[in-house]
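Residue numbers (the numbering used here): 3 to 129.
Every residue gets a Cβ at the ideal spot worked out from N, C-alpha and C, and that includes glycine.
On a predicted model such as this, the values are computed, not experimentally measured, just so you know.
For reference, the structure is listed below as structure tokens.
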Amino acid sequence: ELPEPKKKEDKPKEEEQKEDQRKGRRSQLSEEEREKRRVRAKRKKEEYEARESRRQKEKEERERKARKEAHYREKLERAKSEKIVRKPKKRMHVPDPERKQEVAQVPQKVEPKSLFGKFWKWLNAKD
3 ELPEPKKKED KPKEEEQKED QRKGRRSQLS EEEREKRRVR AKRKKEEYEA
53 RESRRQKEKE ERERKARKEA HYREKLERAK SEKIVRKPKK RMHVPDPERK
103 QEVAQVPQKV EPKSLFGKFW KWLNAKD
């Protein structure tokens, strides 16, 4: 007198079909949940686009400032080089005739270069 095996309760066919549909699939979302997700995704996308736009503007601003700085440095370098290169124009020099005569009147003393010349000068020097 062994007890009889228990009979499995039969599930209705509708429940079996629902379980079959659920396998490997996400559960269906209600309209409200779908709308919430859609709104949240839209907001995140807008935030992302705003961040990207801000980053792009900042990048352009940095590049513009770098170009301005390079231009300014070039301008300073050019100014430096122009100062060095520019020389005053040579004017026609007209010598004074009086000055020329004064120079001609002053006797030029020539210093001897050789040892013999120095000795000869010493020998002929007036004491």
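- [ ] Just confirm the distance between the C-beta atoms of K123 and P114, as a whole number of angstroms; I'd bet it's less than 8 Å.
- [x] Position 121 of the sequence shown holds residue 123. Position 112 of the sequence shown holds residue 114. The pair is a contact, with the Cβ atoms about 5 Å apart (cut-off 8 Å).
Open item on the list: Please tell me whether, using a cut-off of 7 Å, the distance from the CB of K44 to the nearest non-hydrogen atom of the ligand FAD is below it.
Closed with: By its list of ligands, the structure shown contains no ligand whatsoever, and the ligand FAD lies outside what it can speak to.
Open item on the list: Which same chain residues end up closer than 7 Å to K61 when comparing Cβ atoms and leaving out the 5 residues on each side of it in sequence?
Closed with: For the purposes of this step, residue 61 is identified with residue 59 of the sequence shown, where counting begins at 1. Contacts found: none.
Task: Rounded separation between M94 and Q103 - CA only - done: The count along the sequence shown starts at 1 and reaches residue 94 at position 92. The count along the sequence shown starts at 1 and reaches residue 103 at position 101. Answer to the nearest angstrom: the Cα atoms are 20 Å apart.
Open item on the list: Going by DSSP in three states, S55 sits in which element: helix, strand or coil?
Closed with: In the sequence shown, counting from the first residue as 1, residue 55 sits at position 53. Note: S55 maps to helix in three-state DSSP.
TODO: Could you tell me the distance, in whole angstroms, from the CA atom of A52 to the CA atom of E37?
DONE: In the sequence shown, residue 52 corresponds to position 50, counting from 1. In the sequence shown, residue 37 corresponds to position 35, counting from 1. Each residue's alpha carbon lies about 22 Å from the other.
Open item on the list: Within a Cβ cutoff of 7 Å, which residues of the same chain sit near D98, ignoring the five residues on either side of it in sequence?
Closed with: Reading the sequence shown from its first residue, position 96 is the one you call residue 98. Taken in chain order, the list of residues that qualify is empty.
Task: Whole-angstrom distance between L117 and N126, CA atom to CA atom - done: The residue given as residue 126 occupies position 124 in the sequence shown. The residue given as residue 117 occupies position 115 in the sequence shown. Approximately 14 Å between the Cα atoms of the pair.
- [ ] Note the first and the last residue of the continuous alpha helix (DSSP H) segment covering L137.
- [x] For residue 137 there is no data in the structure shown, the boundaries of the chain being 3 and 129.
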